[in-house]
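Visitor: In the numbering used here, the protein residues as written are 8 to 157.
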């Protein structure tokens, strides 16, 4: 699974040092559509802690801002990993979470409450790989120190 996840990230520019805004802009540019992040307080109480809603015009990523900044970033990266992987899902209780959203405009909805499916495990792996990549400068220095820069 790790190789498959790493393959999904090939060719995608991951900012170094990492910057979530820049990474979201990169993804939006690749998809040719806006990628909007929405903080939804209390989202993770008896509901998914993150949610991706793809409409005809944009991708919307919802997350709970009531957690630590690092955890909130990871939730967003997990949802972005679903986008990168082309995952799809069911309604996921969308109408109860967002009663004003017209279901006819929604193309894809993915929310997670656990890691029980292959899609969720893959998204979690990709999110970890995105944030876990060493900065290019540090990796270059390490390679040079080990004699791998030839």
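Idealized CB from N, CA, C, for every residue including glycine. Since the structure is predicted, the reported quantities are computational estimates derived from the model, not experimental observations.
1) Between the region 56-69 and the region 34-43, can you find at least three pairs of beta-carbon atoms closer than 8 Å?
2) Rounded to the nearest angstrom, what separates residue 19 and residue 84 at their Cα positions?
3) Count the other CB atoms within 10 Å of the CB of residue 139; is the residue buried (16 or more) or exposed (fewer)?
4) Which residues in the same chain have their Cβ closer than 6 Å to the Cβ of residue 121, if we skip the five residues on either side of it in sequence?
5) Straight-line CA distance for residue 82 to residue 26?
6) Can you tell me the Cβ-Cβ gap for residue 129 and residue 12, rounded? I've got them flagged as a contact below 8 Å.
7) Let's test the definition: count the other Cβ atoms within 10 Å of the Cβ of residue 125 and tell me whether it reaches 16, buried, or not, exposed.
8) DSSP beta-bridge partners for residue 67?
Guide: With the given structure in hand:
1) With three or more CB-CB distances shorter than 8 Å, the region 34-43 counts as touching the region 56-69.
2) Here residue 19 refers to the residue found at position 12 when the chain shown is read from its first residue. Here residue 84 refers to the residue found at position 77 when the chain shown is read from its first residue. Rounded to the nearest angstrom, the two C-alpha atoms are 14 Å apart.
3) Sequence index remark: in the chain shown, residue 139 carries index 132 (1-based). Exposed.
4) The residue you call residue 121 lines up with position 114 of the chain shown. Bear in mind that the predicted position of residue 121 carries a pLDDT of just 48, short of 50, making it too unreliable to give a figure here.
5) Here residue 82 corresponds to residue number 75 of the chain shown, with the count starting at 1. Here residue 26 corresponds to residue number 19 of the chain shown, with the count starting at 1. Per the coordinates, the alpha-carbon of residue 82 lies some 15 Å from the alpha-carbon of residue 26.
6) Here residue 129 refers to the residue found at position 122 of the chain shown. Here residue 12 refers to the residue found at position 5 of the chain shown. The C-beta distance from residue 129 to residue 12 rounds to 6 Å, short enough to fall under 8 Å.
7) By 1-based counting over the chain shown, the position of residue 125 is 118. That one is exposed.
8) As a first step, residue 67 must be located in the chain shown, where it is residue number 60. DSSP output for residue 67 lists 43, 60 as bridge partner(s).
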